[in-house]
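Structure first, then comments.
Okay, structure coming up:
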């Protein structure tokens, strides 16, 4: 029972304080579940991020369902997802009701200016942390650097290239290398 | 009203890679169904990006409320979440078996650098856009001292606490500090 309460409260808190969408949320998930609670290993966390990225739907929902299931099966995933959605649902509902008055408040605009900057910092630190834990080999470095360069160039030249393509291309090249290796091994075996 | 649910179900099922791709789809559907004008949509996006929580959920709640009040927001939000929830449930429940398959595990291992690259790339692009207002190759250069100062302060606080107390400051605390700094700088 306590497990579910902790799960609900943690997800609710994350849902309440994460600005700027999925990537910022990944930073907070990492802090809460890998570093503090140690519910997930760093390797499993990267699996989670990969799966959340390659499946449709909001990353935050994918990740909460995944973590919830790991901790308490189906009940856990339902609790985690509801807890994640609830704060933003309530906040947006309130804003929608008082729509026009909200964005005119100067102090809120100023606060958001500062918050935006922190969001960038959080995403950078999440990226660096995952980078440090990435296995160090030539394939990983090449894919990593190519992804970053292509992403910046495409974005600056307003070319529409969905994030999922980088992931799929990288995955298929990996499979291709595996297939080539398998063939070589078979040849070697035949020669023996 | 059922159509509202179906459309957000579709958006939830076909948008990959998080909120930013989803925004384009929500915009298209809202215009197509004459729910909102282009101006209203832009205002909604601004609010959804600057309030906490997943952007997709925020957008669904907002658009749903604008059409059918509370019930509308409930239906749209439920619709946008459902596909992601079901797909992930299916994947995790068979993940361990999937990982025993050599091809699946190779795929998951080789996409890791791309995922890390996407996160770092996103951060660099946001940095360029907020500090230097560069979003396109031909956008005019505009240096935002204030944001750079806030960024430096946040970095110093983070590194200082890590160095002197051997502890990590909670990201939520950093967000609150950022909000306060934003207000103080504009007094």
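Protein chains in written order, with the working numbering: chain A, 34 to 225; chain B, -19 to 167. Note that CB positions come from ideal geometry on N, CA and C, so glycine has one too. Quick caveat, the model's predicted, so the values are computed rather than measured.
Interface partners of residue i on chain B, CB under 8 Å
i             : result
residue 207/A : 86, 87, 89, 90, 91
residue 114/A : 61, 65
residue 164/A : 96, 100
residue 98/A  : 64, 65, 68, 69, 72
Neighbour-count burial assignment, residue i, 16 or more Cβ in a 10 Å radius
i             : result
residue 147/A : buried
residue 73/A  : buried
residue 192/A : exposed
residue 174/A : exposed
residue 125/B : exposed
residue 77/B  : exposed
residue 203/A : buried
residue -8/B  : buried
Backbone secondary structure at residue i - three-state DSSP
i             : result
residue 175/B : Because chain B here runs from -19 to 167, residue 175/B falls outside it and cannot be looked at.
residue 168/A : coil
residue 33/B  : coil
residue 191/A : coil
residue 180/A : helix
residue 219/A : helix
residue 87/B  : helix
residue 73/A  : coil
residue 34/A  : coil
residue 94/A  : helix
residue 131/B : helix
residue 53/B  : helix
residue 41/A  : helix
Residue i: contacting residues in chain A (beta-carbon distance under 8 Å)
i             : result
residue 46/B  : 129
residue 83/B  : 208, 211
residue 131/B : 150, 153, 154
residue 53/B  : 122, 125, 126, 129
Under 9 Å from the C-beta of residue i: neighbouring residues of chain B
i             : result
residue 37/A  : Ordered by position in chain B, no residue passes the 9 Å Cβ test against residue 37/A, which lies about 17 Å from the chain.
residue 124/A : 31, 32, 33, 38, 41
Within chain A, partners of residue i - CB distance below 7 Å
i             : result
residue 103/B : 153, 156, 157, 160
residue 113/B : Simply none; closest approach about 12 Å.
Distance cut-off 7 Å: residue i Cβ against heavy atoms of the ligand HEM
i             : result
residue 143/A : Only the bare structure without any ligand can be found here, which leaves the ligand HEM out of the picture.
Cross-chain neighbours of residue i in chain B, by beta carbon under 7 Å
i             : result
residue 149/A : 110
residue 49/A  : 32
Neighbour list for residue i in chain A, Cβ cutoff strictly below 9 Å
i            : result
residue 17/B : The premise fails here: residue 17/B is roughly 14 Å from chain A at the closest Cβ pair, so nothing lies under 9 Å.
Neighbour flag for residue i against chain C, beta carbons, 8 Å
i            : result
residue 90/A : Checking the listed chains, one finds no chain C in this structure; the protein chains it contains are A and B.
Worksheet item: Taking one C-beta from the segment 176 to 192 of chain A and one from the segment 91 to 102 of chain B each time, how about it: are there three or more such pairs within less than 8 Å?
Response: yes
Item to complete: Would you check if there are 3 or more beta carbon pairs closer than 8 Å linking the segment 65 to 79 of chain B to the segment 28 to 46 of chain B?
Response: no
Worksheet item: Taking one C-beta from the segment 16 to 36 of chain B and one from the segment 208 to 216 of chain A each time, how about it: are there three or more such pairs within less than 8 Å?
Response: no
Worksheet item: Within the chosen definition, does the segment 40 to 53 of chain A reach the segment 144 to 163 of chain B through at least 3 CB pairs nearer than 8 Å?
Response: yes
Worksheet entry | Touching by the beta-carbon criterion (3+ pairs, under 8 Å), the segment 48 to 55 of chain B and the segment 117 to 129 of chain A | yes
Worksheet item: Counting pairs of beta carbons, one from the segment 150 to 164 of chain A and one from the segment 99 to 111 of chain B, are three or more of them closer than 8 Å?
Response: yes
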